[in-house]
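Working notes, beginning with the structure itself.
Below is the structure:
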């Protein structure tokens, strides 16, 4: 194996590929990045046996071949190399020489024999959408993924095609985030997979704010593939049935507020500071022509605050875990939101005033 | 106690004052900030019994008085208040009401009776110098403070007046940093105090890059005071005798290099990545007309690199703990440095090519 490549292109690839490695792995071969040179490209591969990342870097190939190098030291070395052409060459005893004009580094490599086979990309993508759009969809749903392992189906984001829309849904049983994207072409293949938290987190790190780059999604044998221009990212999906979320999204309300998103967010964040009643973080809403927020932490202090709102319908008193509301508001970049209520015991519906592609449900806390 | 103040001025004060509080304190009264209103000023005070911080905020006083409020929640609240005038008022049962136009917060306060008396600022400052200058002096010395408690005198920075210069010196036994400032007026009082690490760290956070602001330094009864426009910062000094550092600063050399600061820094950082020989981080210098750096981590890999240098004197081979050299180079903002050597067993002297106000010593590691 011998090739020449640009430090900057190699660093871009390694920075992404090394994210596929679990810092907790005890399997030696999984703590490395596989380098495979073929057809004037270097393929960088990593896996934690749940997700796989394959990144393609253009190189000048002298001879093809493959090797595994320790990920952390390789990343650190390439990051600190000068922005010049780098020359990689493998000796027969699996050592790799990394050279620039003034630097010569020898790294001990490892045979690729034990490296896991990667799942093969199936034919026929299910859908494509822009990087920017997918990134925003994940941002507005990922925070609602459950952190409790007791219900595995809630520890991921549901990707679901309905007609010509892609829906992303996440819920932890206390709140639910629901985001819709209208696709340019109606997909022919159905899709309903739960993508696990780890894959969502790494995807969010790989995705950039680019409207023009398209991500293609493929699914086969319980594996979902996200295909970028230079990256193939795959993950096992979570087996099991996602709860029937449509049933709990209310279609009616008795009280409806229109309120400034950022003002509400800041107010609830303030109220949260004094909201420790027992083990719970509790902020009370008293809704009339004004929205009164109150909170109280015994022996420390209390807060009351009033916000201007446009109200339709009945007056109401209701209480929430403050964080569940602010998590949602933080991820809405529209200036105003609607809050819709159905009495003190039913979920509150939050949605942006502009656009009908996002909604969020939060269960209240019973205080009586 | 009742007063009005600007959120921004109050936040500036609280952000600095809360740094005086130890997160580990088990004494209730020391986890709070004391607020004292007197003469149209609010004095914010905190202490961990080693350092004290007193910050002066201009306020509109209605009635004078004093109270202690819990530091963390007070900081969080003021940070999240809108940028408007805030009204503070104390009730007879030591509760404090914090109000803005739409917000009303009640905080449980505490009597100031148990709060420690602060040391009194003596008359007659010893010297004054600009914030920017003191900040830079600390930056170039603080990193060399010893982290080992076995020799307490090395766990701080020595402040010493010699004629019309202020010298700051720190050493951990393996390296020594020495920074000089020429003062405008020759101080009349001698000064030789060791300021402990904690005080240095907090001072560095308070100091801003301002050439015009003057810091005045006072010392009395083993307490050093740094007096800013709005802040009085005090710290106990470390008792004991600082080692006679002048004796170990070499005046002569057999080998002298002139080298680009940033190139040398980056090269040594790279070499450091592969420098684990046993428990030590070892980078070898081979000096002839070129500087060769080599390092080696068994079973992982090795590095060799060549740097252009201007050399005077003898060829030399010498080895260092890489971090001790890069710590120094990182804090030199002059493009070129001299490295002066006296054989393989004596300390290396590093100093900027421009300016004679800074020098740094690093002991080599014997490899034979």
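Residue numbers (our numbering), protein chains in the order written: chain A, 1 to 368; chain B, 1001 to 1368. Ideal placement from N, C-alpha and C gives every residue a C-beta, glycine not left out.
#1: Going by C-alpha distance, which of B:1101, B:1363, B:1025 is nearest residue 1250 (chain B)?
#2: What are the residues in the region 56-81 of chain A lying within 8 Å of chain B by C-beta distance?
#3: Measuring only between beta-carbons, confirm whether residue 270 (chain A) sits less than 7 Å from chain B.
#4: Looking only at its chain, what residues have a beta carbon closer than 7 Å to the beta carbon of residue 83 (chain A), apart from the 5 residues adjacent to it on each side?
#5: With a threshold of 7 Å on Cβ separation, who are the neighbours of residue 1031 (chain B) within its own chain once the five nearest residues in sequence on each side are excluded?
#6: For residue 1108 (chain B), which residues in the same chain have their Cβ closer than 7 Å to its Cβ, ignoring the five residues on either side in sequence?
#7: Can you tell which of A:10, A:92, A:140 has its C-alpha closest to the C-alpha of residue 325 (chain A)?
#8: Does the beta carbon of residue 1275 (chain B) sit closer than 7 Å to a beta carbon anywhere in chain A?
#9: Is there a C-beta anywhere in chain B that falls below 7 Å from the one on residue 100 (chain A)?
#10: What is the rounded straight-line gap between the Cα of residue 134 (chain A) and the Cα of residue 200 (chain A)?
#11: Hey, out of B:1198, B:1123, B:1352, B:1295, whose CA is closest to residue 1157 (chain B)'s CA?
#12: Give me the Cβ distance between residue 1337 (chain B) and residue 1259 (chain B), rounded to the nearest whole Å; I'm assuming they're in contact under 8 Å.
#13: Count the other CB atoms, across all protein chains shown, that sit within 10 Å of the CB of residue 204 (chain A); report buried if there are 16 or more and exposed otherwise.
#14: Can at least three beta-carbon pairs, one atom from the region 253-267 of chain A and one from the region 298-316 of chain A, be found at a separation below 8 Å?
#15: Indicate the three-state DSSP secondary structure (helix, strand or coil) for residue 1279 (chain B) in the structure shown.
#16: Rounded to whole angstroms, what's the CA-CA distance from residue 1240 (chain B) to residue 1222 (chain B)? Just pull it up for me.
#17: Quick check: the Cα distance between residue 437 (chain A) and residue 1097 (chain B), rounded to an integer number of angstroms?
#18: Counting only Cβ pairs nearer than 7 Å, list the residues of chain A close to residue 1306 (chain B).
#19: Which residues share a DSSP beta bridge with residue 1216 (chain B)?
#20: Name the DSSP bridge partner or partners of residue 328 (chain A)?
#21: Need the endpoints of the alpha helix (DSSP H) that residue 1201 (chain B) sits in, please.
#22: Does the contact criterion of 3 or more C-beta pairs under 8 Å hold for the region 121-134 of chain A versus the region 205-216 of chain A?
#23: Which of the three DSSP states, helix, strand or coil, is assigned to residue 1074 (chain B)?
#24: Please decide whether residue 1106 (chain B) counts as near chain A, where near means a Cβ-Cβ distance under 7 Å.
#25: So for residue 1157 (chain B), helix, strand or coil by DSSP?
#26: May I ask you to verify whether the region 1144-1160 of chain B touches the region 1332-1348 of chain B, counting CB pairs closer than 8 Å and requiring at least 3?
#27: Check whether the region 301-311 of chain A and the region 1103-1120 of chain B are in contact - that is, three or more C-beta pairs closer than 8 Å.
#28: For the alpha helix (DSSP H) that residue 350 (chain A) lies in, which residues bound it at each end?
#29: Taking Cβ positions only, does residue 89 (chain A) come closer than 7 Å to chain B?
#30: Is there a Cβ from chain A that is less than 7 Å from the Cβ of residue 1295 (chain B)?
#31: Residues in its own chain within less than 8 Å of residue 86 (chain A) by CB, not counting five upstream and five downstream?
#32: Can you look up residue 1163 (chain B) in the DSSP assignment and give me helix, strand or coil?
#33: From this set, A:350, A:349, A:354, A:321, which residue's C-alpha is nearest residue 335 (chain A)'s C-alpha?
#34: Strictly below 8 Å CB to CB, what residues from chain A border residue 1264 (chain B)?
#35: Is the separation between the beta-carbon of residue 112 (chain A) and that of residue 66 (chain A) shorter than 7 Å?
#36: Counting only Cβ pairs nearer than 8 Å, list the residues of chain B close to residue 302 (chain A).
For this structure:
#1: B:1363
#2: 70, 73, 76, 77, 80, 81
#3: yes
#4: 7, 8
#5: 1021, 1025, 1070, 1071
#6: 1095
#7: A:140
#8: no
#9: no
#10: 11 Å
#11: B:1198
#12: 6 Å
#13: exposed
#14: yes
#15: coil
#16: 11 Å
#17: The first residue shown for chain A is 1 and the last is 368, placing residue 437 (chain A) beyond what the model contains.
#18: 102
#19: B:1128, B:1227
#20: According to DSSP, residue 328 (chain A) bridges with nothing at all.
#21: 1197-1206
#22: yes
#23: helix
#24: yes
#25: strand
#26: no
#27: yes
#28: Element bounds for residue 350 (chain A): not the alpha helix (DSSP H) but the beta strand (DSSP E), 348-352.
#29: no
#30: no
#31: 4, 5, 6, 7, 10, 78, 98, 99, 100
#32: coil
#33: A:354
#34: Neighbours of residue 1264 (chain B) on chain A: none; closest Cβ ~12 Å, over 8 Å.
#35: yes
#36: 1105, 1106
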